[in-house]
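Colleague: Residue numbers for the sequence shown follow the working numbering, so the first one is 1 and each next one is one higher.
No residue lacks a Cβ here, since even glycine has one placed at the ideal position from N, Cα and C.
Just so you know, these numbers come straight off a predicted model, no measurement behind them.
The structure's right below; bear with me while I get my questions together.
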Amino acid sequence: MTKADVIAEISDKTGIDKADVSSAIESFFSVVKDNLSNGEPIYVRGFGSFVNKKRAHKIARNISKNTSIEIPEHFIPSFKPAKTFVEQVKSNAK
């Protein structure tokens, strides 16, 4: 399902204009990106959490040049689903 499909489905279910739904979804994504880039997690009860996960410093190998590459510690965005969401997906899995 693409973002356009999500917008169309929400518009059909709620009767809200697609442009308004698209604006709301874009605003939601913007808020998630801004908060995660500032190090602030987002918790949506019953759905899940958007958090930053810390990746440790490590030494990697470039096998084509046979050299070591130092990768510094960094953070990556991650989504952790809520238990109720996981249960729903498990019970409806095909």
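Please name the residue or residues paired with residue 48 in a DSSP beta bridge.
Modeller: In DSSP, residue 48 forms a bridge with 44, 81.
Colleague: Among 55, 40, 57, 56, which one has its Cα closest to the Cα of residue 49?
Modeller: Answer by Cα proximity: 40.
Colleague: Going straight from the alpha carbon of residue 34 to that of residue 53, what length do you get?
Modeller: The alpha-carbon atoms of residue 34 and residue 53 are separated by roughly 16 Å.
Colleague: How many Å lie between residue 36 and residue 75 at the Cα?
Modeller: Approximately 10 Å, taken between the alpha carbons.
Colleague: Helix, strand or coil, according to DSSP, for residue 70 in the structure here?
Modeller: Reduced to three states, the DSSP call for residue 70 is strand.
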